[in-house]
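In what follows, a structure is listed as structure tokens, so that the remarks can point back to it.
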Amino acid sequence: MTWETAKAAVDYILSHEKDFPEESVVWDFIGGEPLLEVDLIDKLCDYIKVELYRLNHHWFNSYRFSFTTNGINYHTPKVQELIEKNKEHISIAITIDGTKEKHDLNRIWLTKDGKEYGSYDDVARNIPLWLSQFPQGGTKVTISSADIPYIKDSVLHLYSMGIKEVNINVVFENVWKPEDDVKFEDQLIQLADVIIDGEYYKTHACSFFNDQIGRPLDEIEDNRNWCGAGKMLAVDSTGNFYPCNRFTQFSLRTKEAITIGNITTGINKNLLRSFLTLDRTTQSPQKCIDCEVASGCAWCQGENYDSAETDTIYQRSTAICKMHKARVRANNYYWNKLYRILEQEKEEELC
Ligand code: SF4
């Protein structure tokens with residue numbers, strides 16, 4: 269993205285204050301790898317702050333700069349200066365997938381002479397510095413079919429590095445093999461035992477375990493769309509606007525990108541209408557509406573579009589169905605075991 273494009277996107281957003289009435293804003297720099305463009309981003313962050321002040325904008329002092337980075341450039345002086353300058357208003361998540369074996373399965377350097385090697389060591393060396401600056405820093409781990417055997421060890425490895433919050437989820441794409449749900453459940457049950465027996469549940473979090481998942485959902489009361497597609501704005505390097513970055517061409521396998529305007533013409537609200545009327549029941553098949561374990565079963569709007577037979581965004585992909593059901597069974601095990609222990613402790617205290 270050029271400076272001119274980045275500046276024009278900010279100018280458009282700040283000069284349409286009525287179209288963005290939300291109390292606060294998150295400026296999310298998401299790549300590729302955003303910290304490769306630290307000079308541009310630093311200049312843009314300064315520009316945003318000055319403009320918020322100059323315009324007496326309602327987001328002045330109510331904004332956040334957010335980064336998801338592979339962590340490789342985290343220690344460099346320019347990145348550290350950016351953090352220091354914005355320390356009251358910045359969040360940085362470093363993506364590290366777990367053990368070296370698991371991380372290096374997917375995150376690979378390709379050298380100019382065609383050699384490949386995993387990036388684990390280059391990321392891991394920056395974790396202590398990151399945690400010293402963001403002690404509550406969480407990481408996001410993505411699980412695909414080949415990653416399943418490493419789940420338990422990876423979560424524990426991240427805990428041992430000092431990361432207390434591990435946000436982890438399975439990919440929405442249709443990559444699952446016949447026995448994957450069984451292997452997944454087995455990994456989660458092993459992990460549940462270690463988290464409970466080792467008392468990690470008192471200090472650490474793993475998003476796979478959530479006592480709100482696995483219940484039926486009411487057709488009227490629980491009818492919200494899963495994500496904010498259409499209610500946030502994504503801007504690509506050429507200045508096109510999208511309802512979410514999953515609708516950019518480089519994020520889609522088979523479908524045409526869906527734009528909702530650009531930095532010159534602005535947002536075309538007509539193109540947003542189909543996104544703003546999305547809810548759970550209008551895009552879900554009957555099996556999901558009637559499902560006994562529907563709560564917590566997620567979907568991705570972009571993947572729904574990408575995998576649909578037609579160009580609709582109203583066809584929910586259910587590729588994660590058996591994985592969600594396996595997660596629910598593992599959660600039943602986890603919460604039964606944990607609540608029994610907690611009850612027992614309470615009774616002992618009362619005696
Ligand atoms: S995808 Fe499967 S588990 Fe999820 S809500 Fe639909 S039927 Fe239930």
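In the numbering used here, the protein residues as written are 269 to 619.
Positions of the beta carbon are idealized from the N, C-alpha and C atoms, including for glycine.
Since we're looking at a predicted model, the values are computed, not measured.
Item                                                                                                                             : Value
Compute the distance between the beta-carbons of Val306 and Arg332, then report whether it is under 8 Å.                         : no
Could you name the residues that DSSP lists as bridge partners for Glu433?                                                       : Gly406, Ala473
Are Val434 and Cys474 closer than 8 Å when you measure CB to CB?                                                                 : yes
Can you find a heavy atom of the ligand SF4 that lies under 7 Å from the Cβ of Thr363?                                           : no
Which same chain residues, not among the five before or five after Glu369, have their C-beta less than 7 Å away from its C-beta? : Tyr418
Could you tell me whether the Cβ atoms of Cys619 and Gly570 are closer together than 8 Å?                                        : no
Closer than 7 Å to a non-hydrogen atom of the ligand SF4 - does that hold for the CB of Val443?                                  : no
Helix or strand or just coil, what does DSSP make of Val294?                                                                     : strand
Between Trp603, Arg375, Glu611, Val443, which lies nearest to Gly339 when the distance is taken from Cα to Cα?                   : Arg375
CA-CA distance, Trp398 and Tyr280?                                                                                               : 33 Å
Using the Cβ count rule (16 or more neighbours within 10 Å means buried), how would you classify Tyr388?                         : buried
Is it the case that the CB of Ala562 approaches a heavy atom of the ligand SF4 more closely than 7 Å?                            : yes
Do the stretch 398-410 and the stretch 443-452 make contact, defined as three or more Cβ pairs closer than 8 Å?                  : no
In the DSSP assignment, find the beta strand (DSSP E) that holds Thr226 and state where it starts and stops.                     : The requested residue 226 does not occur in the structure, where the chain is confined to residues 269 to 619.
Is the beta carbon of Phe476 closer than 8 Å to that of Ala587?                                                                  : no
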